[in-house]
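Student: Letter 392 of the sequence shown, counting from 1, is numbered 384 in the working numbering, and no numbers are missing.
Cβ coordinates follow ideal geometry from the N, Cα and C atoms, glycine included.
These numbers come from a predicted model, not from an experiment.
Dropping a structure here in structure tokens format, bear with me for questions.
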Amino acid sequence: MPTVHTSKPGYFGKGSVEIGPAAGSGEGIETVYDVLQYATRTHGTRNALGWRDVVDIHEEEKEVKKVVDGKEVTEKKKWKYFELSDYKYINFIELNEAISEIARGLVEIGVAADDVFNIFAQTSPNWQLMANACGSISTTIATAYDTLGEAGLTHSLNEPECVGLFTNAELLPTLYKVLAKTPSIKFVVYDGEPPKTLVSDINAVRESIQVFSIDELRALGRSKPTEPLKARLPKPETMACIMYTSGSTGPPKGVCITHSNLVASIGAVYMLLGHHLTYDDTYLAYLPLAHVLEYIVELIMIFVGMTTGYGRVKTLTDASVRKCKGDLAAFQPSIMVGVPAVWETIRKGIISKVNSGGTVRKSVFNSAMSLKQNNVPVLGQVADNVVLKSVRAATGGRMRITLSGGAALSHETQKFLDTALVMILQGYGMTESCGMCAILPPEMMRYSSVGLPVPSVEIKFLDVKDAGYLSTNKPPQGEVCIRGPSVTKGYYKRPDLNNDETIFTKDGWLRTGDVGQWNDDGTLTLIDRVKNLIKLQGGEYIALERLESTYKACNYVGNICVHATADAKQPMAIIIPHEVNLRHALKSTDIDSSKSLPDLCHDPKVVELVLKECNSVGKKNGFKPMEILQAVILTPEEWTPENGMVTAAQKIQRNKVAKEFEKEIAQIYKEQ
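Pasting the structure below:
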């Protein structure tokens, strides 16, 4: 398999490592269109993309407890469960033909080379088909998370003046509400089966709006010649994508990503991990394609010829579907990518299931974990095959490599899942670097490291003097700065940011805002974000995100936001309890575990129990006294993109959480 053209920067200085050799031009792969053509020629009739059709939807009525105005109320709610078909597949030749049909259809209805076409849809084969179709005719895509509300969607359509968008039938009602405020939209393409009246209503918003199902668009394109597409092929410098960040610090920013940026990232990852990927591997796609991590990983899978099967977060497990297997068991992936929130949920789910099996089962599981972690001859292998095998069966039984990205994964969670389930490698990237800055190769496995710099990115440290993070430290520390062929040149229509030297330096470096540390083996470890470094009353700095990633490993924690101010002696935290694990723990205390969750959250004994357990985790991980929590606030209400407490990428909206609990936080600091 050829390498992809990248301009490999050098790496210099102690603690750095060089990845080589430098890539050549390969087979002239310079655009995402070239990647697709290479995949079609090379992988041909191999399965490319797989999906499951919805056979039926089963409704079940359940009583649920809900917090309203601080009080718990019980109401009946109907839950929907999908019944899904077996996986269906298209091969690489069929994939290429489907993309060509859509591309010809887009050209026929009038989508131009310099237009921007939005994708506001769930992760699915059609998302990739539409993105690649636009890419093959030099039309830029703009991304929008399918969880966006009216304001966010309006922004992502208006700023780039999108001429059209692709969406799902179930998202059309949201689109309908914003169409009157998005005058540039002329084309709406959807998949699924919306009510005919809704399609008519959308058509009626403006006379200029044309609405097509994706099947109609493909049929239109199928009847047109391919010859006109040759004049629309992209160049390396063509803008492939305006990828909107999830907006944790204000309105979403559109990151400008060219075809050459994407190809450099694909080639760089292949150079580091390509020898670990085989035709026998399969990849389960379920993260949002509007997130750069999922987007670039799927393009890599197309390049290497690996089969990608699409799933849904709501249908991953057997418990979340009816009359069929969940996506994990049905597809049996060998490779999977997740963000820390996913891995924390899996870890706590395993612990919850083990605890529910009684004392004997818990003892057997813990013994098996200990034997394997300590590499006890023979017994460790027996424990792995007999006890832990059942844990792996829940993910399909074939999983061999997983990648965690998006934020820091705690040492404890990584070690637990590496023992019980599968090797978890950490990576580091951002939208501005096409998702990849560093990846940990399996042969260099170590905990708490995000790996080696990928060959398309050069990394240097900038001193953060106030906090004592200096490149002269041993080991070297500082703010991570990046440059290279996969790094963006700027943000869409944001000269204020593009000319800001706290973001883009005059000599071509992008300041990431992340604080890193070089390890002796040349790998990188992330410490925190510069903006989340808080100087406490005693003059010491603490790193909020690092504290959160560790405290989140506490079994009683569902989600957490660590908070501190300049006049605080120690941090405190707002915590959503992990209800199942908390109730199980309460059974061995004198606290009534049957009380409602709001009552438990306000019980001083429960609060003290959670605080004590969190601080036990902190001390176990070597936290200093000023990093230990002085207090916790427990809340029963989930943090979701809908209530604004987290972004679509599940990142904590720190300021909004602090505002919500302003009075409680002030009282804690007053009593310190």
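Which class does Val261 belong to by DSSP, given the choice of helix, strand or coil?
Tutor: Reading the sequence shown from its first residue, position 269 is the one you call residue 261. Helix at Val261.
Student: Which term fits Phe217, buried or exposed, when burial requires 16 or more other beta carbons within 10 angstroms of its beta carbon?
Tutor: Position 225 of the sequence shown holds residue 217. Checking the sequence shown, residue 217 turns out to be Pro, not Phe. Exposed.
Student: Nearest to Gly246 by CA position, among Met422, Met436 and Ser205, is which residue?
Tutor: Looking up residue 246 in the sequence shown gives position 254. That would be Met422, whose Cα lies nearest to the Cα of Gly246.
Student: Between the Cα of Ser77 and those of Tyr484, Ile91 and Val46, spot the shortest distance and give me the residue it belongs to.
Tutor: Here residue 77 is taken as the residue at index 85 of the sequence shown, counted from 1. If we check each option's Cα against that of Ser77, Val46 comes out closest.
Student: Could you tell me the alpha carbon to alpha carbon distance between Lys255 and Tyr262, rounded to whole angstroms?
Tutor: The count along the sequence shown starts at 1 and reaches residue 255 at position 263. The count along the sequence shown starts at 1 and reaches residue 262 at position 270. For the record, residue 255 in the displayed sequence is Val; it is not Lys. Taking the straight line joining both Cα atoms gives about 10 Å.
Student: In this structure, how does DSSP classify Cys233 when only helix, strand and coil are distinguished?
Tutor: Taking the first residue of the sequence shown as position 1, residue 233 is located at position 241. In this structure, Cys233 counts as strand in the three-state DSSP scheme.
Student: So, are the CB atoms of Val602 and Pro569 less than 8 Å apart?
Tutor: As a working note, residue 602 is residue 610 in the sequence shown. As a working note, residue 569 is residue 577 in the sequence shown. The answer is yes: Cβ separation under 8 Å.
Student: Taking a contact to mean a Cβ-Cβ separation below 8 Å, would you say Val609 touches Tyr543 in this structure?
Tutor: One-based indexing of the sequence shown puts residue 609 at position 617. One-based indexing of the sequence shown puts residue 543 at position 551. Yes, the Cβ-Cβ distance between Val609 and Tyr543 is below 8 Å.
Student: With burial defined as no fewer than 16 other Cβ atoms inside 10 Å of the residue's Cβ, what is the status of Val(-4): buried or exposed?
Tutor: Stepping through the sequence shown from its first residue, residue -4 is reached at position 4. Because the pLDDT at Val(-4) is just 39, under 50, the model does not fix this residue reliably, and the point stays unresolved.
Student: Given a cut-off of 8 Å, decide if Leu432 and Lys419 are closer than it, judged by their beta-carbon atoms.
Tutor: As a working mapping, residue 419 is identified with position 427 in the sequence shown. As a working mapping, residue 432 is identified with position 440 in the sequence shown. Position check: residue 419 holds Gly in this sequence, whereas Lys was assumed. In this structure, Leu432 lies closer than 8 Å to Gly419 by Cβ.
Student: Rounded to whole angstroms, what's the CA-CA distance from Ile660 to Ser116? Just pull it up for me.
Tutor: Taking the sequence shown and counting its residues from 1, the one referred to as residue 660 is at position 668. Taking the sequence shown and counting its residues from 1, the one referred to as residue 116 is at position 124. C-alpha separation (whole angstroms): 46 Å.
Student: On the three-state DSSP scale, how would you describe Lys655?
Tutor: As a position in the sequence shown, residue 655 is number 663, starting the count at 1. If DSSP states are grouped into helix, strand and coil, Lys655 belongs with the helices.
Student: Ignore the nearest five residues each way along the sequence and tell me which others in Thr131's own chain have a CB closer than 6 Å to its CB.
Tutor: As a first step, residue 131 must be located in the sequence shown, where it is residue number 139. Same-chain partners within the cutoff: Val103, Asp107 and Phe109.
Student: In three-state terms, what does DSSP make of Trp510?
Tutor: Here residue 510 is taken as the residue at index 518 of the sequence shown, counted from 1. Strand at Trp510.
Student: Which full runs of the beta strand (DSSP E) of 3+ residues lie inside the region 379 to 456, going along the chain?
Tutor: You should have 393 to 396, 415 to 420 and 450 to 454.
Student: Can you give me the start and stop residues for the alpha helix (DSSP H) that Tyr669 sits inside?
Tutor: Nothing can be reported for residue 669: it is not among the residues displayed for the chain, which extend from -7 to 664.
Student: Could you check which residue in Tyr182, Asp138 and Thr300 has the C-alpha nearest to that of Thr83?
Tutor: For the purposes of this step, residue 83 is taken as the residue at position 91 of the sequence shown. Note that residue 83 is Asn in the sequence shown here, rather than Thr. Ranking the options by Cα distance to Asn83, first place goes to Thr300.
Student: Which residues does DSSP list as the beta-bridge partners of Leu276?
Tutor: As a working mapping, residue 276 is identified with position 284 in the sequence shown. Answer is Gly301 and Met328.
Student: Per DSSP, what kind of secondary structure is Asn635 in: helix, strand or coil?
Tutor: Locating residue 635 in the sequence shown gives position 643, where the first residue counts as 1. Asn635 falls in the coil class under three-state DSSP.
Student: Go through the region 50 to 137 residue by residue and report every complete run of the beta strand (DSSP E) that reaches 3 residues or more, in order.
Tutor: Taking only runs of at least 3 residues, the beta strand (DSSP E) segments lying wholly in the region 50 to 137 are 63 to 76, 80 to 83, 108 to 112 and 132 to 136.
Student: Mapping DSSP to helix, strand and coil, what is Cys593?
Tutor: Position 601 of the sequence shown holds residue 593. Looking at Cys593 - three-state DSSP - the assignment turns out to be helix.
Student: Return the chain-ordered ranges of every alpha helix (DSSP H) run that is complete within the region 504 to 581 and spans a minimum of 4 residues.
Tutor: Correct list: 536 to 543 and 571 to 578.
Student: For the candidate residues Cys593, Ser257 and Arg44, whose alpha-carbon lies nearest to that of Pro81?
Tutor: By 1-based counting over the sequence shown, the position of residue 81 is 89. The sequence given here has Tyr at residue 81, not Pro. Of Cys593, Ser257 and Arg44, the residue nearest in Cα terms is Arg44.
Student: Could you check the C-alpha separation between His446 and Glu55 for me, to the nearest Å?
Tutor: Looking up residue 446 in the sequence shown gives position 454. Looking up residue 55 in the sequence shown gives position 63. Per the sequence shown, the amino acid found at residue 446 is Val instead of His. Roughly 50 Å separates the two Cα atoms.
Student: Give the secondary structure of Trp501 by DSSP, where H, G and I count as helix, E and B as strand, and everything else as coil.
Tutor: Looking up residue 501 in the sequence shown gives position 509. Reduced to three states, the DSSP call for Trp501 is coil.
Student: Less than 6 Å between C-beta atoms, sequence neighbours within five positions excluded: which residues of the same chain meet that for Leu536?
Tutor: Reading the sequence shown from its first residue, position 544 is the one you call residue 536. Cβ neighbours of Leu536 beyond the five flanking positions: Asn524 and Val554.
Student: Out of Ile474, Lys354 and Glu336, which one is the CA nearest neighbour of Ile416?
Tutor: Numbered from its first residue, the sequence shown carries residue 416 at position 424. Nearest option by C-alpha distance: Glu336.
Student: Could you pull the start and end residues of the beta strand (DSSP E) that Leu205 belongs to?
Tutor: Residue 205 sits at position 213 when you count from the first residue of the sequence shown. Looking at the sequence itself, residue 205 is Ser, so the reference to Leu does not match. Start and end: Gln202 to Ser205.
Student: Is it buried or exposed for Cys248, if we count other Cβ within 10 angstroms and need 16 for buried?
Tutor: For this step, residue 248 is matched to residue 256 along the sequence shown. So Cys248 counts as buried.
Student: Check whether the Cβ atoms of Ala161 and Gly184 lie closer than 8 Å to each other.
Tutor: Taking the sequence shown and counting its residues from 1, one reaches residue 161 at position 169. Taking the sequence shown and counting its residues from 1, one reaches residue 184 at position 192. Taking 8 Å as the Cβ cut-off, Ala161 and Gly184 qualify as a contacting pair.
Student: Hey, quick one: how far does the alpha helix (DSSP H) through Tyr287 stretch, first residue to last?
Tutor: The count along the sequence shown starts at 1 and reaches residue 287 at position 295. Per DSSP, Tyr287 belongs to the alpha helix (DSSP H) from Val284 to Val296.
Student: From Val203 to Ala105, what does the alpha carbon distance come to, in whole angstroms?
Tutor: Walking along the sequence shown from the start, residue 203 turns up at place 211. Walking along the sequence shown from the start, residue 105 turns up at place 113. Each residue's alpha carbon lies about 20 Å from the other.
Student: When burial is assigned at 16 or more other CB atoms within 10 Å of the CB, is Pro186 buried or exposed?
Tutor: For the purposes of this step, residue 186 is taken as the residue at position 194 of the sequence shown. Pro186 comes out buried.
Student: Taking the straight line between their C-alpha atoms, what separation do you get for Glu151 and Cys233?
Tutor: Locating residue 151 in the sequence shown gives position 159, counting from the first residue. Locating residue 233 in the sequence shown gives position 241, counting from the first residue. Their backbone Cα atoms lie some 14 Å apart in a straight line.
Student: What does DSSP give as the partner residue(s) for Val624 in the beta ladder?
Tutor: Translated into the one-based positions of the sequence shown, residue 624 becomes position 632. Val624 is bridged to Ala565.
Student: Is the Cβ-Cβ distance between Ile666 and Asn547 less than 8 Å?
Tutor: What is shown of the chain runs -7 to 664, which leaves residue 666 out entirely.
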